[in-house]
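Counting in UniProt numbering, the sequence shown runs from 1 upward without gaps.
Every residue, glycine too, gets a C-beta built ideally from N, C-alpha and C.
Below is one structure; the comments refer to it alone.
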Amino acid sequence: MKTDVQIAQEAQKMHIKEIAKKVGVSEDDLELYGNYKAKVNLDVLNSKRDMPDGKLILVTAINPTAAGEGKTTVNVGLSMGLNKIGKLTFTALREPSLGPCFGVKGGAAGGGYAQVVPMEDINLHFTGDIHAVTTANNLLSALIDNHLHQGNALNIDPNRITWRRAIDMNDRALRNMVIGLGGKTNGVTREDGFDISVASEVMAILCLADSLEDLKARLSKMIIGYTYANKPVTAAELDAVGSMALLLKDAIKPNLVQTLENTPAFIHGGPFANIAHGCNSVVATKTALKLADYVVTEAGFGADLGAEKFFDIKCRFAGLKPSAAVVVGTVRALKKHGGVGKNDLNTENLEALSVGFENLKRHVENVRKFGVPVVVAVNEFPTDTQAEVDLLQKKCSEMGVEVVLTQVWAKGGEGAVKLAEKVVELAESGVADFKPLYELDQPIISKIEKIAKEIYRADGVEFTNKALKNIKKFEEDGLGGLPICMAKTQYSFSDDPNLYGAPNGFKITINDVKVSAGAGFIIPMAGDIMRMPGLPKVPAANRIDILDDGEIIGLF
């Protein structure tokens, strides 16, 4: 059986100028990065702002498990399936981070015969966007420490600096450190640390800004720390905005690539989904909507995190109106949510499937709360039995949602034709009536409780004194009207990663509350959320290599 990277390297790719031509983008609007990838100038979006949008389709999923769900694979396959039934379609995805690629998760370009290509480039340095984010982030860090060293005219308290450095790699040794050692000429000694680059607020801003002007406005609002008088200090006060924007001048332009079946794809931006909002860039999504009949996009992790943030943050900020949603699951993953161990997932277990189905059911109900019609996509595995498939279809039917079996990993777009037909039926029915879950003028605590109770189904929310103190401070600073970006484990509806399925009778504990004033959201911290992952005992990096003939092995 061929690996993903083998399939990708054998793909019959079209020159990227031909892909652009399909959707009416001229060569003059492209900045080529070789033959198969290009940046699209922002002028394309600006020139088409008054044109009608295509239909926006969100692909989301159940809570992820070790069994695998294949959300990105279904996303890519669905976009190819829509093209097969005559709908000019774009797919819009996030860029993979190098950390997970060399760690345990792998890349994020789909799989099998439902991939975006050039897969190896997309999963590695690509067009340098994440490097630009890293450099802009660290330029601000350098300016902060230089300001302290040069006399600290802003009266910044070194013990209350909230801005951290960034690197696009999993490296636990960088989480916490002391900088400025070695004497006065080496800066002010203080505690600092690194986050992975995709957790940087700069990445979140890049993905929410819809113009260079908007980018600079958001960068200017970033809070880097507080003065001795407890006043917030912004990037604008450090005169950092112009130089940071210059470093991001190319990164803000969406990256055009293609699927294995030559469907146009924007791969752009990559904010963490359990720290930030977990969606590809607004610029890419808006541009694609002007160029195609359908745009298929995804949000990170399960619908409790990704879809909720997609609706309440990205769609709210960008004025997007999704026409339909797809919730992805597998029989194997639902059995895992029903209590089956990883080694027994290939064995038929109708009882566990029935229990695990409650996870899928809750996600479907939640998406419907936003006024968006839903279809369930089941990624088929050879080990699925007919009895299991029948039970899943029966349970979906009982809750009034259709379920479509897909075989996109093995068959590409052909394996998603039925799903594509159902998505078109939903999207063109006109029943979508999108609305956010909460109003922005509600108090911060009320917004947090709304998400916890209605999306996670928690009995309530408990706040530590630290969290309450920060909430009070943010509201006093005029930030109370921002949306909520919950930082929570992706593995459970609760804040306990070991509570699978659809748990009840629990409370969410908010240990801390942070703010990304530039990105424009409040971040309640539920549980211990890692902003700098570590490598596993045997990292994927140990198996990755490039051979003398250029063949890449081990990348997935």
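Cα separation between Thr285 and Val295?
-> One-based indexing of the sequence shown puts residue 285 at position 285. One-based indexing of the sequence shown puts residue 295 at position 295. Per the coordinates, the alpha-carbon of Thr285 lies some 8 Å from the alpha-carbon of Val295.
Tell me where the alpha helix (DSSP H) around Arg362 begins and ends.
-> Taking the sequence shown and counting its residues from 1, the one referred to as residue 362 is at position 362. For Arg362, the enclosing alpha helix (DSSP H) covers residues 350 to 368.
Is any heavy atom in the ligand MN found nearer than 8 Å to the beta carbon of Pro100?
-> No copy of the ligand MN appears in this structure; indeed no ligand is present at all.
Buried versus exposed, by CB contacts within 10 Å (16 or more), Glu388 = Against the sequence shown, residue 388 aligns to sequence position 388. With 16 or more other Cβ atoms within 10 Å, it is buried.
Taking three-plus beta-carbon pairs below 8 Å as touching, is the stretch 100 to 108 in contact with the stretch 202 to 209?
-> Three or more Cβ pairs closer than 8 Å define a contact, and the stretch 100 to 108 falls short of that threshold against the stretch 202 to 209.
List the DSSP bridge partners of Ser220.
-> For this step, residue 220 is matched to residue 220 along the sequence shown. In the DSSP output, where bridge partners are listed per residue, Ser220 has none listed.
Return the CA-CA distance between Met532 and Arg175, expressed in angstroms with no decimal places.
-> Position 532 of the sequence shown, counted from the first residue, corresponds to residue 532. Position 175 of the sequence shown, counted from the first residue, corresponds to residue 175. Across the structure, Met532 and Arg175 are spaced so that their CA atoms are roughly 6 Å apart.
Short Cβ contact (9 Å threshold) for Asp512 with Thr464 = As a working mapping, residue 512 is identified with position 512 in the sequence shown. As a working mapping, residue 464 is identified with position 464 in the sequence shown. If you check the CB distance, Asp512 and Thr464 come in under 9 Å.
Taking Gln6 as part of the alpha helix (DSSP H), name the residues at either end of that continuous run.
-> Position 6 of the sequence shown holds residue 6. According to the DSSP assignment, Gln6 belongs to the alpha helix (DSSP H) that extends over 4 to 9.
Under the three-state reduction of DSSP, which class applies to Asn379: helix, strand or coil?
-> Position 379 of the sequence shown holds residue 379. If DSSP states are grouped into helix, strand and coil, Asn379 belongs with the strands.
Leaving out the 5 sequence neighbours to the left and right, which residues in its chain are closer than 7 Å to Gly518 when beta-carbon positions are compared?
-> Counting from one through the sequence shown, the residue named residue 518 turns up at place 518. Closer than 7 Å at Cβ, skipping near neighbours: Glu201, Ile205, Arg218, Leu219, Lys221, Met222.
Does the stretch 245 to 263 come close enough to the stretch 34 to 45 that 3 or more CB-CB pairs lie under 8 Å?
-> Verdict: yes, contact present.
Unbroken beta strand (DSSP E) run spanning Pro524, endpoints = For this step, residue 524 is matched to residue 524 along the sequence shown. Unbroken beta strand (DSSP E) run through Pro524: 521 to 526.
Excluding the 5 residues preceding and the 5 following Thr489 in the sequence, name in chain order all residues of the same chain whose CB lies nearer than 8 Å to its CB.
-> Within the sequence shown, the letter at position 489 stands for residue 489. Cβ-Cβ distances below 8 Å link Thr489 to Asn274, Asp495, Asp496, Pro497, Ala526, Gly527, Ile529 in the same chain, with the five nearest sequence neighbours on each side left out; the list follows chain order.
Check the C-beta distance from Leu58 over to Pro322 and give it rounded, since I have them as a contact under 8 Å.
-> Position 58 of the sequence shown, counted from the first residue, corresponds to residue 58. Position 322 of the sequence shown, counted from the first residue, corresponds to residue 322. Right, the Cβ-Cβ distance comes to about 5 Å (below 8 Å), so this counts as a contact.
Same chain, Cβ closer than 8 Å to Ser492, neighbours up to 5 away in sequence not counted = Taking the sequence shown and counting its residues from 1, one reaches residue 492 at position 492. Correct list, in chain order: Asn63, Asn498, Leu499, Tyr500, Pro503.
Local conformation of Val241 per DSSP, three classes = As a first step, residue 241 is located in the sequence shown; it is residue number 241 there, counting from the start. Correct three-state label for Val241: helix.
Count the C-beta pairs between the stretch 101 to 120 and the stretch 334 to 342 that are closer than 8 Å, then say yes if the count reaches three, no if not.
-> Three or more Cβ pairs closer than 8 Å define a contact, and the stretch 101 to 120 falls short of that threshold against the stretch 334 to 342.
Under the rule that 16 or more other beta-carbon atoms within 10 Å means buried, what is residue 580, buried or exposed?
-> Nothing can be reported for residue 580: it is not among the residues displayed for the chain, which extend from 1 to 556.
Report the residue from Gly481, Leu154, Leu88, Gly81 whose alpha carbon sits nearest the alpha carbon of Glu237.
-> Translated into the one-based positions of the sequence shown, residue 237 becomes position 237. It is Leu154 whose Cα lies nearest to the Cα of Glu237.
Since Ile122 contacts Ala109 with CB under 8 Å, what's their CB separation in whole angstroms?
-> Sequence index remark: in the sequence shown, residue 122 carries index 122 (1-based). Sequence index remark: in the sequence shown, residue 109 carries index 109 (1-based). By a beta-carbon distance limit of 8 Å, Ile122 contacts Ala109. Their separation comes to about 5 Å.
Thinking just about the alpha-carbon of each residue, which of Gln150, Ala432, Ser141, Trp409 is nearest to the one in Asp192?
-> The residue you call residue 192 lines up with position 192 of the sequence shown. Closest in alpha carbon position to Asp192, among Gln150, Ala432, Ser141, Trp409, is Ser141.
Which partner residues does Tyr226 have in the DSSP bridge list?
-> Position 226 of the sequence shown, counted from the first residue, corresponds to residue 226. The partner list for Tyr226 (beta bridge, DSSP) reads Pro232.
Just the Cα atoms here: how many angstroms apart are Ser211 and Asp344?
-> Within the sequence shown, the letter at position 211 stands for residue 211. Within the sequence shown, the letter at position 344 stands for residue 344. Looking at the two C-alpha atoms, the distance is approximately 50 Å.
Once you ignore the five residues that flank Lys55 on each side, which residues in its own chain have a CB closer than 6 Å to its CB?
-> By one-based count along the sequence shown, residue 55 stands at place 55. So the qualifying residues of the chain are Tyr294, Ser323, Ala427.
Alpha carbon to alpha carbon, how far is Glu398 from Gly319? Give it in angstroms, no decimals.
-> Your numbering for residue 319 matches position 319 in the sequence shown. Your numbering for residue 398 matches position 398 in the sequence shown. Taken atom to atom, the span from the alpha-carbon of Gly319 to that of Glu398 is near 34 Å.
Short Cβ contact (9 Å threshold) for Ala377 with Ala92 = Taking the first residue of the sequence shown as 1, we reach residue 377 at position 377. Taking the first residue of the sequence shown as 1, we reach residue 92 at position 92. Taking the C-beta atoms as reference points, Ala92 is found no nearer than 9 Å to Ala377.
Whole-angstrom distance between Lys249 and Asn542, CA atom to CA atom | Numbered from its first residue, the sequence shown carries residue 542 at position 542. Numbered from its first residue, the sequence shown carries residue 249 at position 249. Near 35 Å, if we compare the C-alpha coordinates of Lys249 and Asn542.
Measure from the alpha carbon of Arg457 to the alpha carbon of each residue in Gly505, Glu439, Phe474, then state which is nearest.
-> The sequence position of residue 457 within the sequence shown is 457, counting from 1. For Arg457, the closest of Gly505, Glu439, Phe474 by C-alpha to C-alpha distance is Gly505.
Exposure of Ser79, with buried meaning 16 or more beta-carbon neighbours within 10 Å = Reading the sequence shown from its first residue, position 79 is the one you call residue 79. So Ser79 counts as buried.
How big is the Cα-Cα spacing for Thr263 and Ile451?
-> Mapped onto the sequence shown, residue 263 falls at position 263. Mapped onto the sequence shown, residue 451 falls at position 451. Answer to the nearest angstrom: the Cα atoms are 36 Å apart.
Among Glu31, Asn35, Gln9, Asp4, the one whose alpha carbon lies nearest that of His15 = Position 15 of the sequence shown, counting from 1, holds the residue named residue 15. Closest by alpha carbon: Asn35.
Please list, in chain order, all residues of the same chain as Val331 whose beta carbon is under 6 Å from its beta carbon, the five residues on each side excluded.
-> Your numbering for residue 331 matches position 331 in the sequence shown. Taken in chain order, the residues that qualify are Asp384, Glu388.
Backbone secondary structure at Asp157 - three-state DSSP | The residue given as residue 157 occupies position 157 in the sequence shown. Three-state result, Asp157: strand.
Just how far apart, CA to CA, sit Leu482 and Val515?
-> Taking the sequence shown and counting its residues from 1, one reaches residue 482 at position 482. Taking the sequence shown and counting its residues from 1, one reaches residue 515 at position 515. Between the C-alpha atoms of Leu482 and Val515 there is a straight-line separation of about 9 Å.
Per DSSP, Thr385 is paired with what?
-> By 1-based counting over the sequence shown, the position of residue 385 is 385. In the DSSP assignment, Thr385 is bridged to no other residue.
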